Amino acid sequence: DTAVSQTPKYLVTQMGNDKSIKCEQNLGHDTMYWYKQDSKKFLKIMFSYNNKELIINETVPNRFSPKSPDKAHLNLHINSLELGDSAVYFCASSDLSSNQPQHFGDGTRLSIL
Amino acid sequence: GDSVTQMEGPVTLSEEAFLTINCTYTATGYPSLFWYVQYPGEGLQLLLKATKADDKGSNKGFEATYRKETTSFHLEKGSVQVSDSAVYFCALRSNAGNMLTFGGGTRLMVKP
C-alpha cells in the first residue's frame with residue numbers, strides 16, 4: 001500500500017527525446033509536488049499543484065510541463081531532453097490545509113545519454 | 114528568500130559515536146523545520162519535525178530542537194549505528210507557502 005508511487009523508477013534515454021514520469025498518491029492529499037535532485041544531492045522544488053491547479057512554478061525551462069488530471073495524480077512531461085536534465089526526480093504530496101509534512105515517493109532516476 | 118545551510122559531509126563516525134549535524138536557516142516569519150533521511154537508493158523519509166520555537170522533534174534516537182534565537186535546528190544522536198548511514202536533509206516550510214526549502218544534504222557514514 002505505497003503512499004506516493006512514481007513510475008518508472010529508472011529512465012535512460014537519449015538527448016532530444018520526450019519522456020514522461022508519472023506520480024500517484026493514495027493518501028487523500030490535495031497538493032502534489034515535483035522536486036529535482038541533482039548529482040550533488042541538492043534538492044529543489046519545481047512545481048506544486050493544489051486540487052489540480054498550479055500554485056508553485058519555480059524557474060524551470062518550458063520543456064518541463066506538469067499535468068494533473070486529478071488531485072491524486074501529477075505527471076511530469078519533459079520535451080527535448082538535455083544532458084543537464086539527468087537527475088533524480090521526486091514526487092511528493094501533502095494536505096495543504098493541515099500542518100503535516102510532505103510524503104515523498106522513491107524517486108525516478110533519469111539518465112540522458 | 115528562504116534558505117537552509119547544513120554542514121558539508123561526508124561525516125564519518127565509528128559505531129556508537131555521538132552525532133551532530135548542524136543546520137541553520139533564514140526565513141521570514143515562523144517556519145516549520147524538518148529533518149529528512151535518504152537511505153541509499155531510496156526516497157526521502159521524514160525523520161522528525163518541529164513547528165514552533167523550542168519544540169524538540171525526536172524519532173529513532175535522533176533529536177533536534179528548534180532554536181529561534183540562533184535560527185538553528187541541529188540534528189543529534191547519542192549513539193549511531195551502521196544502519197544510520199544515509200544522507201540527511203534539513204528543510205524548512207515557511208508560513209507563506211507549502212513548499213519545502215532543503216539544505217544541501219549531509220552524508221553520514223558509520224563504520225563498524
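If you're matching them up, the sequences are chains A and B in order. Under my numbering, think of the first position of the first sequence as 1, with each following residue one higher. Under my numbering, think of the first position of the second sequence as 114, with each following residue one higher. We put the CB at the ideal spot given by N, CA and C, even for glycine. Since we're looking at a predicted model, the values are computed, not measured.
Query                                                                                                                : Result
Cβ neighbours of Val12 of chain A in the same chain (closer than 6 Å, five flanking residues each side left out)     : Ser111
DSSP-derived helix/strand/coil call for Ser185 of chain B                                                            : strand
Rounded straight-line distance, which links the Cα of Ser198 of chain B to that of Pro153 of chain B                 : 8 Å
Three-state secondary structure assigned by DSSP to Gly84 of chain A                                                 : helix
Contacts that Ser145 of chain B makes with chain A (C-beta to C-beta distance below 9 Å)                             : Asn99, Pro101
Coil, strand or helix - Val195 of chain B by DSSP                                                                    : helix
Cβ neighbours of Leu120 of chain A in the same chain (closer than 6 Å, five flanking residues each side left out)    : Residue numbering for chain A in the displayed model covers 1 to 113; residue 120 of chain A lies beyond these limits and cannot be assessed.
Listed by chain order, chain A residues near Leu157 of chain B by CB distance under 7 Å                              : Phe90, Phe104
Buried versus exposed call for Leu205 of chain B [16 or more other C-beta atoms within 10 Å across all chains shown] : buried
Top-ranked residue by Cα proximity to Thr137 of chain B, from B:Arg220, B:Asn208, B:Trp148, B:Ser192                 : B:Trp148
Under 8 Å from the C-beta of Phe42 of chain A: neighbouring residues of chain B                                      : Phe215, Gly217, Gly218
Member of A:Lys22, A:Val88, A:Ser39 whose CA lies at the smallest distance from the CA of Gly156 of chain B          : A:Val88
The beta strand (DSSP E) enclosing Gln119 of chain B, as first and last residue numbers                              : 116 to 119
Interfacial residues, the region 191 to 214 of chain B to chain A, with Cβ spacing under 9 Å                         : Val200, Phe202, Ala204, Arg206, Gly210, Asn211, Met212, Leu213, Thr214
Cβ-based neighbour list, Gln14 of chain A, same chain, cut-off 6 Å, excluding 5 preceding and 5 following            : Leu113
Identity of the residue in B:His187, B:Ala166, B:Tyr179 nearest Gly218 of chain B by Cα                              : B:His187
Cβ-Cβ distance between Arg109 of chain A and Tyr10 of chain A below 8 Å                                              : yes
C-alpha distance - Gly191 of chain B paired with Met120 of chain B, whole-angstrom precision                         : 18 Å
Near-chain B residues of the region 8 to 24 of chain A - C-beta to any C-beta below 8 Å                              : none
Residues bridged to Glu176 of chain B [DSSP beta-bridge criterion]                                                   : B:Ser171, B:Glu189
Neighbour-count burial assignment, Val195 of chain B, 16 or more Cβ in a 10 Å radius                                 : exposed
Minimum Cβ-Cβ distance from Lys165 of chain B to chain A less than 8 Å                                               : no
Where Lys162 of chain B meets chain A, residues with beta-carbon distance less than 7 Å                              : Pro101
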